[in-house]
Structure formats: structure tokens, C-alpha cells
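Step one of this worksheet: look at the structure below.
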Amino acid sequence: MKVAKDRIKVVIYTTTLIIEGIIHKIPTGRTSDYLNVNVNRFIPITDVKIRSRFPDDSSNFTNEVQRPLLLLRTNMIEFVEIVDENLS
Numbered sequence: 226m227k228v229a230k231d232r233i234k235v236v237i238y239t240t241t242l243i244i245e246g247i248i249h250k251i252p253t254g255r256t257s258d259y260l261n262v263n264v265n266r267f268i269p270i271t272d273v274k275i276r277s278r279f280p281d282d283s284s285n286f287t288n289e290v291q292r293p294l295l296l297l298r299t300n301m302i303e304f305v306e307i308v309d310e311n312l313s
């Protein structure tokens with residue numbers, strides 16, 4: 226059985242990374258509730274682009290990386306910017 230979900234384009238900031246992608250949540254719930262209920266759990270993010278928050282640092286992670294799926298532990302999130310809540 227397939228459950229209908231809202232697709233929300235977000236930009237997620239961790240201490241070292243900027244992650245752009247799409248999260249999928251139940252239509253009746255708020256995005257903040259979805260993230261808070263899943264504290265210390267992993268949330269799936271699709272159509273992911275990952276880059277360093279500090280491109281001038283000496284890390285090896287200076288280019289953008291694209292992945293179809295990322296499982297992110299919610300306690301790594303510093304803040305979330307909602308870009309578009311109306312993706313179809």
C-alpha cells in the first residue's frame with residue numbers, strides 16, 4: 226500500500242555541510258513536527274545535493290556531490306530552510 230506524502234524542498238544546514246533536497250511527510254502534519262518527532266532518528270532526503278558550508282577550508286569536500294537518497298540523522302541538523310512546500 227502506498228501512502229500519499231507531501232514533497233517539500235529544503236536546505237538543511239549541519240555544522241559542516243549544506244544539504245539541499247526533498248523531504249517527504251504526511252500531508253496533515255507540519256514540517257517542524259515531522260523533524261521533531263524523529264529526534265535521534267534518520268530521515269530520508271531525496272534528490273540530494275551536498276556541499277561544504279566552508280568551501281575555503283582544507284577539507285577534501287569542496288565540490289558539490291549529488292545523490293538520489295541520503296539518510297540524515299536528525300540530531301545533526303542545525304537548522305532547516307523550507308524552499309518550497311508545494312512540490313507535486
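Here the sequence shown stands for residues 226 to 313, where the numbers follow my numbering. We put the CB at the ideal spot given by N, CA and C, even for glycine.
Inter-residue spacing [alpha-carbon to alpha-carbon] between residue i and residue j
i	j	result
Asn-261	Asp-281	32 Å
Ile-323	Leu-242	As shown, the chain starts at 226 and ends at 313. That puts residue 323 outside it, with no answer to give.
Glu-289	Leu-297	17 Å
Asp-258	Ser-277	27 Å
Arg-266	Thr-253	21 Å
Phe-279	Val-308	21 Å
Val-305	Thr-256	10 Å
Expected contact under 8 Å - CB spacing of residue i and residue j to nearest Å
i	j	result
Ile-233	Ile-247	7 Å
Residue i: first and last residue of the uninterrupted beta strand (DSSP E) it sits in
i	result
Val-273	267-277
Asp-309	304-312
Residue i - containing alpha helix (DSSP H), residue span
i	result
Val-262	256-262
Member of the options whose CA lies at the smallest distance from the CA of residue i
i	options	result
Lys-230	Val-236, Leu-294, Lys-250 and Val-308	Lys-250
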